[in-house]
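Participant: Before we start, here is the structure in question, set down as structure tokens.
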Amino acid sequence: LRRQRLAHQPWNLRTVAPTRQAGSDDATEAAERAPAPTPEVKKQASSVALSKQEIADDFTAIRGTRPPRWPKKRPRMVQQQLDLLYLGLWLADVAPGSYKIEER
Numbered sequence: 009l010r011r012q013r014l015a016h017q018p019w020n021l022r023t024v025a026p027t028r029q030a031g032s033d034d035a036t037e038a039a040e041r042a043p044a045p046t047p048e049v050k051k052q053a054s055s056v057a058l059s060k061q062e063i064a065d066d067f068t069a070i071r072g073t074r075p076p077r078w079p080k081k082r083p084r085m086v087q088q089q090l091d092l093l094y095l096g097l098w099l100a101d102v103a104p105g106s107y108k109i110e111e112r
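Take any residue in the sequence shown, note its place counting from 1, add 8, and you have its number in this note's numbering.
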């Protein structure tokens, strides 16, 4: 008896939304009531280049200590995610001097 009941139940228990006609009055009324799109205002980008001394002064003022000499190394998984996200990020470390070969 239970097997028969399970066999007759549909596998997808979601209700199906009713389809609308292409020339429906509801769609045109909704389009008329929709507010007009407002033009997007672009924000002005601003950036200031700071010298190493200015950065050190700011760091000392905020934390009360000198900035670390070397940046902290990222965990391996974080670095892998950054490498996948920004494909050319590691190219900043490549310099022509890295590939100099002494001729004999």
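Even glycine gets a Cβ: it sits at the ideal position worked out from N, Cα and C.
(1) Quick one: give me the first and last residue of the alpha helix (DSSP H) that residue 63 is part of.
(2) Output the boundary residues of the alpha helix (DSSP H) element that contains residue 52.
(3) For residue 111, which of helix, strand or coil comes out of DSSP?
(4) Can you give me the start and stop residues for the alpha helix (DSSP H) that residue 101 sits inside?
(5) Quick check on the DSSP output: the alpha helix (DSSP H) that includes residue 74 runs from which residue to which?
(6) Do residue 75 and residue 64 count as a contact pair if the criterion is CB distance below 7 Å?
(7) Can you grab the Cα-Cα spacing for the pair residue 57 / residue 108, in whole Å?
Facilitator: According to the structure shown:
(1) Here residue 63 is taken as the residue at index 55 of the sequence shown, counted from 1. Note, residue 63: alpha helix (DSSP H), 60-71.
(2) Taking the sequence shown and counting its residues from 1, the one referred to as residue 52 is at position 44. Note, residue 52: premise wrong, no alpha helix (DSSP H); not H, not E.
(3) Position 103 of the sequence shown, counted from the first residue, corresponds to residue 111. Residue 111 falls in the coil class under three-state DSSP.
(4) If you number the sequence shown from 1, residue 101 lands on position 93. Premise fails: residue 101 is in no alpha helix (DSSP H) and is neither H nor E.
(5) Here residue 74 refers to the residue found at position 66 of the sequence shown. Element bounds for residue 74: n/a, residue is neither H nor E.
(6) The count along the sequence shown starts at 1 and reaches residue 64 at position 56. The count along the sequence shown starts at 1 and reaches residue 75 at position 67. Yes, the Cβ-Cβ distance between residue 64 and residue 75 is below 7 Å.
(7) In the sequence shown, residue 57 corresponds to position 49, counting from 1. In the sequence shown, residue 108 corresponds to position 100, counting from 1. For residue 57 and residue 108, the distance between alpha carbons rounds to 32 Å.
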